[in-house]
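Novice: Residue numbers (this note's numbering): 2 to 228.
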Ligand SMILES: C[S@@+](CC[C@H](N)C(=O)[O-])C[C@H]1O[C@@H](n2cnc3c(N)ncnc32)[C@H](O)[C@@H]1O
């Protein structure tokens, strides 16, 4: 697919959501809708997050979805405790934590175990230093025709407009490693537009996408896809 640089999906100047909290709610609803359309699927979330998404995990449990969540080990431990407290004791919900570094090695371990997924949601670090490698490793885990979802596509370390409302990100020193120009570029956009689409022939699922949240559809067949 040829990505048109005037495409509003990749246009940084397109208006930001005016009510950011309402926009976040719509994102969570969209993800729930996608999960409800895919009962029994295998779902990988890269970046489990500091908030316990109880409705999401109930849906995952009710629909027999096989879930794997990746995050720092302490975040995974908190979410395991939340699930136990909420009475969700599903053997198909697994958290894989990294004590140091990034979730990259856990993605590599999943590939070595030949695990594959119908839906992968990359909502983790948002820096190319971490997430370009993670995205490439995640490509190895996608089934034919599966969905690869991205949040905060226009987030830039230099201008925290998209995240002030949630304050979920620690920058982990990222801004110190970036020039001002590099910090002002949205890194998730680079991953999608400059690498995933041209290298792997992903199509944008326009019905599920907006400039800040993009759903890519993997090709039905490609040499890199494991069947
Ligand atoms: C935006 S939150 C995820 C939100 C979640 N997907 C949701 O829908 O609520 C991003 C997560 O990525 C995790 N993360 C960022 N860098 C990481 C790293 N180097 N290793 C492991 N986890 C990381 C953070 O700990 C945080 O929990």
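By construction, the Cβ of each residue, glycine as well, lies at the ideal position given by its N, Cα and C atoms.
Using DSSP bridges, identify the partner residues of residue 218.
Specialist: As a first step, residue 218 is located in the chain shown; it is residue number 217 there, counting from the start. Note: residue 218 sits in a beta bridge opposite 148, 204.
Novice: Could you give the distance in angstroms between the alpha-carbon of residue 81 and the alpha-carbon of residue 201?
Specialist: The residue labelled residue 81 in the question sits at position 80 within the chain shown. The residue labelled residue 201 in the question sits at position 200 within the chain shown. The alpha-carbon atoms of residue 81 and residue 201 are separated by roughly 34 Å.
Novice: Residue range of the alpha helix (DSSP H) that residue 49 falls in?
Specialist: In the chain shown, residue 49 corresponds to position 48, counting from 1. Element bounds for residue 49: n/a, residue is neither H nor E.
Novice: I'd like the list of long-range same chain contacts for residue 97, defined as Cβ closer than 6 Å, with 5 residues on each side in sequence excluded.
Specialist: Translated into positions along the chain shown, residue 97 becomes position 96. 71, 107.
Novice: Counting pairs of beta carbons, one from the segment 145-155 and one from the segment 204-217, are three or more of them closer than 8 Å?
Specialist: A contact between stretches requires three or more CB pairs, one per stretch, nearer than 8 Å, and the segment 145-155 meets this requirement with the segment 204-217.
Novice: Quick check on the burial criterion: 16 or more other C-beta atoms within 10 angstroms. Buried or exposed for residue 232?
Specialist: Here the chain has residues from 2 to 228 only, and residue 232 is not among them.
Novice: Taking a cut-off of 6 Å, which residues have a beta-carbon closer than that to any heavy atom of ligand 1, in chain order?
Specialist: 46, 48, 49, 50, 51, 52, 54, 72, 73, 76, 99, 103, 104, 124, 125, 126, 131, 169
Novice: Quick check on this structure: which residue in 154, 211, 144, 207 has the alpha carbon closest to the alpha carbon of residue 185?
Specialist: One-based indexing of the chain shown puts residue 185 at position 184. The residue with the shortest Cα to Cα distance from residue 185 is 154.
Novice: Just checking my contact of residue 117 with residue 143 at CB under 8 Å: how many whole Å lie between their CB atoms?
Specialist: The residue you call residue 117 lines up with position 116 of the chain shown. The residue you call residue 143 lines up with position 142 of the chain shown. The Cβ separation is near 7 Å, so the contact holds.
Novice: Which of the three DSSP states is assigned to residue 1 in this structure?
Specialist: It is not possible to answer for residue 1, since the shown part of the chain is limited to 2 through 228.
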